[in-house]
Amino acid sequence: MGVSLTKAAQWTSSGTGKLELTPMNESLLKEVLRSVEQLVSRHPQEAEHVFEEPLQWSTTLVASDFKTDYDISEFNVQSNEKDSAGQPLLRLSPPTVYVRSFSQLSKLVHLAADKKLEEARTCLEENRDAVVKILGPRFADILEREDTQTDPVDEDTAEDSEVKVKLFRLLQNMDQQLLSKLLEEISEQVRLDPAAANSDVESLKQFCRGGDERLLKSVRYTSDYEFSNGCRAPPWRQVHGEICYLIIEPCDTEDLHITCSTAGFYLNAGIKQEGAESGYERTSDTYADLPTLLKSRSPYFAEHINKQMPKKDSTSKTQSKSVQMEDQGQPQRSQPGKKKYEPSPRWSNQGLVSPCGKVEENNPGREKSGKKKQGTGAKGKLKAEFSLSSLPGRMTPQKSKTLAGAMELSSDSSTEDEDEEELSERRLQIQIEQSPDYWLIYKLVKFLKRGDQTATVLCLCAMLDLNLMQEGCQLDIWDIGGVEVLLNLLDSDEVKCQIGSLKVLRKISHSMLICQTILDMDGLQSIVKILDRPHKDLKALAAETIANVARFRKARTTVRRCGGIKKLVKLLDCLPTLANMSPNQEKDVEVAHCGVLALWSCSKCNRNKEAIRVAGGIPLLGRLLKSPDVNMLIPVVGTLQECASEECYRIAIKNEDMIKDLVQNLSSDNNELQRHCASAIFKCAEDKETSDLVRKYNGLEPLVLLLGKAEDKKLLAAATGAIWKCSICMKNVAKFQEHKALESLISLLTDQPIDVLVNVVGAMGEFAKVAANRGIIRKCKGINPLINLLTETNQALLVNVTKTVGACAIDRDNMAVISQLDGVRFVWSLLKNSSTEVQSSAAWALCPCIENAKDAGEIVRSLVGGLELIVNLLKSTNNEVLASICAAISKIAKNKENLAVLTDHDVVPLLAKLTNTTDERLCLHLAEAIGHCCMWEGNKASFGEAGVVAPLVDYLKSNNSTVHYHTTMALYQLSKDPNNCITMNEKGVVKPLILIMGSDDEKLQEAAAGCVRNIRLQALAGNITAPKKISIGTAKRCGKVL
């Protein structure tokens, strides 16, 4: 609205003041609309604040689009809401609309429906000074300031109202959020990234040295401040892809002001200060690299650049010296205290070599014959030059991969992709910088290669003294080729060497890069083989290393294929609950702990879950679940909750009586253990028996207590999920309410992550099935946040919200609040959602809303296009959607005016097409809808002509009494048409109707008797053959004498 609109938005250069039709602008418009909706829903007082001047623009809306809350004349519209001077807050004088508050702006956006983006675009184009109109020029000037060290609001606006100041702060936050959102999107389209640009600049600075032979006088940034993403450009310029700005002083021309952007390098107009927008304008073509740009602008640079570099005497001497030092075991290294930069590939393309040299040539751990490869990341063109030729023992040339290419991992599911995507992004950021222990590590690896057993053990001990958990040390070992050496030691027969190697691998395998290297070298197979060794320390270390490596899909698959799952399950066989353990038993427990850690990592794969079950892992996990050690319990419960996504595990958890232990550990002091226990209950408690066990073992109260730990969002999501599934049982709901669970859930309806909201609203939907709880929801003001959640986009959340709103609407007092908040309109709009589950849940929610709303008929008619939308959904192929829509139509059709509109939209033929279904639930609501639609004159005959009667007669063969009820009601209405009576008689409807006449339900009796009577009257009139005579005994049994 402020900086984001004036600086981040992309405007046309033709001077028309129009927003360009670009994806970024479309994203900006959507974010503005979302922000306005959030402001209105979360800050209603500020949303009612009257603008200093109205926002006005040419709208596509007309008077007929406005319904309630507006004073409508023939063409003009005025809102009923007025300011203190009696002026309306919204006024429409076609084609111009005037809006003076955010609340009215939000209502107008809802009225615009599918045209909301077009309205937002026009509004912003015609109100470039929107903040000035909303808050006045003084606040707009403050919003444009860039000094964030002081609080200008307190200094300049002390006399303004508190609401106005709060609104200013909200708009300020909105601005920042818009910019952040756009920056996130632009970062996904990066080509040249900050690290690559920085590498180019540092390489260019080398040509500022050399006295008279220098090619450039100076190279400097315009700003020394570097943002967290590596850019030096201000945020509103970053959204345009700009990274930083340079001032380069050539030897023969004036200073060059250069912009480094994701698209390349170009000259700008000369940025004097960041506030002057004119300085950012591009004044030259865009070049792929800096040398090309400099050659085009500086003849001296172009002439001498190729003359200076052939002077390689010093370079060759340096390289010769480095070779000699390597022969002596003392590789050359850069000067301490100076940052080491990699040469950019763009300089190599120009025939330039930075004085810092190439990484491969100076790296002592690599063979000089190694071939360099370049890998390109998914989000940029930063090219990392690495060689894996130092790993010949385990990696063949066909297996050799670059840093960016070696780790292309396939994926099966979104959850398994997360680690691999993170690894892919991390690869782009890696720059191998020597740690302080680099040369010590180099010597140790060298001795590991050449030393005897004693030297090897000593080197491994020395390596373990280093901080191997530090990323720098891990990358040093990888860079020098130490991973290959360590893996080769695993194939030796010396236990001490194997233990030392595994201890190092256990620590450095926290690096995903090293995990991938271990996998590529077939090292995981060697580690799995060690699980068969009798030495317990070896097995424990091997299992723990597997736990680290098996964090991505390919490694988990490898463990299973080489028989690792079965071997890991065998490690779990121990007695963890003994009071006095021998040293040997303690070692068994330690091995089991490492084994379950490995199984936990492997259990993220569905096939591995089945392999664990087949190997007999479930009872062993159940035994370990009784351990008093929290460190043992965390991976055990973590494995169980991971595997509980499979039905066989959920049954086993119930049958093995693990629920008791899970409930007991809910009261632990460890948040992680509590989270895993709650998550396991969440996945299992949908089963009624399991839910009863949770109540039996007093697990409901601990779950409610976990709601108090709102700061731990993962724990909160697990706890609310467990409460949701347990509340499916009404006995549990009553128990929950003894501990005020519903009130705690209502307090979590705002400012929570989506996964928490899904569970909270799902639980409230189950609680709302009890009449008393529906009143509690209203009294605790839970309906308002529920209605606000109807504007979210998460489908699982929308399904639960609509179910809960529908359950609340059964209470007429609740329905009054829902109507006041325009909840019916929000629910109805969800019928447009692409998800069939959202559509059906919205339609089910509309049924109680329409049934219990005051003036329901008028509410339905006020929804423009609403009845047409609901009729069109009868064309859906999803039976659940069809059943819910039929149920909604049966409620709508009770109003004759609405029934007339439904008839005009061809509801009769669409309902008739569905009558051949075999879905019993659809049959029930379809018969109900047909019965109510027959109330409109002419529909009875139309249904008969459409072939509805014969299928309805077949519905009477169902065993469902509710189907009988609605079918009989529909047949009674249809029998009022003579032609329908003929069809009914031909299909043999009389006999089942006579049996139904013996029902205890008087309405059902009357409908069945009335239908038979109408058929009999037609028979007496000679229009049809008389129905088969009914015996007196049959009539007496039915309780009627015809």
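So the sequence shown is numbered by this note's numbering: it starts at 1101 and just counts up by one.
The beta carbon of each residue, even a glycine, is placed where N, CA and C say it ideally should be.
Check: For residue 1963, tell me which candidate among 1210, 1596 and 2065 has the shortest Cα-Cα distance.; Outcome: 1210
Check: Could you check whether the region 1768-1781 touches the region 1818-1838, counting it as contact only if at least three pairs of C-beta atoms, one from each stretch, sit closer than 8 Å?; Outcome: yes
Check: Between which two residues does the beta strand (DSSP E) harbouring residue 1171 extend?; Outcome: 1170-1172
Check: Using a Cβ-Cβ cutoff of less than 6 Å, which residues in the same chain neighbour residue 1447 once the five nearest sequence positions on both sides are dropped?; Outcome: Interpretation of residue 1447 is limited by its pLDDT of 35, a score under 50 that renders its predicted location unreliable; the figure taken from the coordinates is listed afterwards. Contacts found: 1303.
Check: The alpha helix (DSSP H) that contains residue 1606, what's its start and end?; Outcome: 1595-1608
Check: Please confirm whether residue 1586 and residue 1605 have their CB atoms less than 7 Å apart.; Outcome: yes
Check: Under the DSSP definition of a beta bridge, which residues are partnered with residue 1368?; Outcome: 1382
Check: By the 10 Å Cβ neighbour count, where 16 or more other Cβ atoms means buried, how is residue 1190 classified, buried or exposed?; Outcome: buried
Check: Would you kindly work out how many angstroms separate the C-alpha atoms of residue 1367 and residue 1300, rounded to a whole number?; Outcome: 16 Å
Check: Quick check on this structure: which residue in 1718, 1738, 1909 and 1808 has the alpha carbon closest to the alpha carbon of residue 1755?; Outcome: 1718
Check: Considering only their Cβ atoms, is the gap separating residue 1220 from residue 1129 smaller than 7 Å?; Outcome: yes
Check: Tell me which residue opens and which closes the alpha helix (DSSP H) that residue 2065 is part of.; Outcome: 2061-2074
Check: I want to know whether the region 1734-1745 touches the region 1792-1804 - three or more CB-CB distances under 8 Å.; Outcome: no
Check: If we cut at 7 Å on Cβ distances, does residue 2019 have a partner in chain B?; Outcome: Among the protein chains of the structure shown there is no chain B, as only one such chain exists.
Check: Residue 1127 to residue 1559, Cα distance in whole Å?; Outcome: 57 Å
Check: In the DSSP assignment, what are the bridge partners of residue 1320?; Outcome: 1347
Check: Would you report the Cα separation of residue 1673 and residue 1721, rounded to the nearest angstrom?; Outcome: 9 Å
Check: So the beta strand (DSSP E) residue 1157 belongs to, where does it begin and stop?; Outcome: 1155-1158
Check: Is residue 1688 buried or exposed, if buried means 16 or more other CB atoms sit within 10 Å of its CB?; Outcome: buried
Check: Going by the beta-carbon positions, is the gap between residue 1827 and residue 1786 smaller than 7 Å?; Outcome: no
Check: Whole-angstrom Cβ separation of residue 1644 and residue 1697, contact assumed at under 8 Å?; Outcome: 6 Å
Check: Could you name the residues that DSSP lists as bridge partners for residue 1143?; Outcome: None; residue 1143 has no bridge partner.
Check: From residue 1774 to residue 1791, what does the alpha carbon distance come to, in whole angstroms?; Outcome: 18 Å
Check: How close, in whole Å, do the beta carbons of residue 1166 and residue 1177 come, if the pair is a contact with beta carbons under 8 Å?; Outcome: 5 Å
Check: Along the chain, where does the alpha helix (DSSP H) that runs through residue 2033 open and close?; Outcome: 2020-2033
Check: Taking all protein chains shown into account, decide if residue 1854 is buried (16 or more other Cβ within 10 angstroms of its Cβ) or exposed.; Outcome: exposed
Check: One question on the structure: do residue 1400 and residue 1364 come within less than 7 Å of each other, judged by their Cβ atoms?; Outcome: no
Check: What residue range is occupied by the uninterrupted alpha helix (DSSP H) comprising residue 1931?; Outcome: Run containing residue 1931: none; DSSP gives neither H nor E here.
Check: In the structure shown, what three-state DSSP assignment does residue 2090 receive?; Outcome: helix
Check: Return yes when the Cβ of residue 2022 is within less than 7 Å of the Cβ of residue 1983, no when it is not.; Outcome: yes
Check: Counting along the chain, where does the beta strand (DSSP E) carrying residue 1196 start and finish?; Outcome: 1196-1199
Check: Under a three-way DSSP split, which group does residue 1999 fall into?; Outcome: helix
Check: Can you tell which of 1835, 1635 and 2037 has the C-alpha that lies nearest to the C-alpha of residue 1596?; Outcome: 1635
Check: Check the DSSP bridge columns for residue 1387 and list the partner residues they point to.; Outcome: 1365
Check: Residue 2017 and residue 2044 look like a contact to me (Cβ under 8 Å); what is the Cβ gap, rounded to whole Å?; Outcome: Contact flag wrong, Cβ pair sits at about 19 Å.
Check: Can you check whether the CB of residue 1297 is closer than 7 Å to the CB of residue 1371?; Outcome: no
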